[in-house]
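Heads up, the numbering used here is the position in the sequence shown plus 2, with the first residue counted as 1.
We put the beta carbon where it would ideally sit given N, CA and C, even for glycine.
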Amino acid sequence: MSIQEVKLTEEQVNTFIRFSAYFAHFKPRQVNPTHAGEVIILVNNKITCFKISEFDLDFDHVGIKIDSKGICFNLVSLYVPSNTFKKDLIKSYCELGEDLIILGDLNAKTPVVGCRSLDANGRVLEEIIDSELDLCVLNEPSKPTYFKYNNNLKKVDYSELIDLFL
3 MSIQEVKLTE
13 EQVNTFIRFS
23 AYFAHFKPRQ
33 VNPTHAGEVI
43 ILVNNKITCF
53 KISEFDLDFD
63 HVGIKIDSKG
73 ICFNLVSLYV
83 PSNTFKKDLI
93 KSYCELGEDL
103 IILGDLNAKT
113 PVVGCRSLDA
123 NGRVLEEIID
133 SELDLCVLNE
143 PSKPTYFKYN
153 NNLKKVDYSE
163 LIDLFL
């Protein structure tokens, strides 16, 4: 399980994010204290894994290597504030050489993933998808992950797909 924008301290995570038979790989906010951040990956204790994310880049991210029954891959959870996405972090994880799954709140809007608009993070995501990194989006374009609710009208005013699996 991956959670972004946790908005908890490490002490609070150790107190409140407790699931029987799961270990929490937590990384506190590293970037801008005015933005939400913090990311967690919860992994069942029966699965062999270890933390691999020691990259010093401007994103809140945690990466783990999973090695279970001969299946080995890297799993990355990240939070990217609006207008701050850069290809460097994704490239750093790709260069580790294992199969890679990236999941997170990228705040990236692009028609490539079914959004109605394009923003700066979306342009970077398009560049990553079109690059030599050999990544693709696993989300269904017709399934939004962000909903803006209009309290006056009591309905969803707007929806987009901004939380992605690559």
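Does DSSP put residue i in a helix, a strand or coil?
i	result
I92	helix
L44	strand
A122	helix
D132	helix
Y160	Its pLDDT being 48, under 50, Y160 is placed unreliably by the model, and the measurement read from it follows with that caveat. Y160 falls in the strand class under three-state DSSP.
L127	helix
G99	coil
F28	strand
S79	strand
C138	coil
L105	strand
Given residue i, which residues of its chain have a CB within under 7 angstroms of its CB, disregarding the five upstream and five downstream residues?
i	result
F21	L44
E129	K89
S70	I49, T50
In terms of residue numbering, what span does the beta strand (DSSP E) encompassing residue i cover?
i	result
T50	50 to 53
G65	62 to 70
G116	Taken as a continuous stretch (DSSP letters only), G116 belongs to no beta strand (DSSP E), as it is neither H nor E.
S4	4 to 6
F21	Looking at the DSSP string, F21 is not in any beta strand (DSSP E), and its letter there is neither H nor E.
Closest to residue i by C-alpha separation, out of the options, would be which residue?
i	options	result
V115	V139, N109, K93	V139
K9	I42, R118, L91	I42
I49	I66, P113, D101, D62	I66
E7	P113, C74, V126, N109	N109
V15	F28, I92, M3	F28
M3	F18, A26, E12	A26
N85	C51, R125, C74, L98	R125
L137	K93, C51, K53, I68	K93
S133	C96, T17, I103	C96
P113	I73, V64, N123	N123
N47	A23, D107, R118	A23
Could you check where the alpha helix (DSSP H) with residue i kicks off and where it finishes?
i	result
V15	12 to 18
Taking CB distances under 8 angstroms as the criterion, tell me whether residue i reaches chain C.
i	result
E129	The structure shown has no chain C; it contains just one protein chain.
Beta-carbon separation of residue i and residue j under 8 angstroms?
i	j	result
L80	D62	yes
L135	F87	no
I103	F75	yes
Sorted by chain position, which residues of the same chain lie with C-beta nearer than 6 angstroms to residue i's C-beta, five sequence neighbours on each side aside?
i	result
D121	K111
I5	I42
I19	A26
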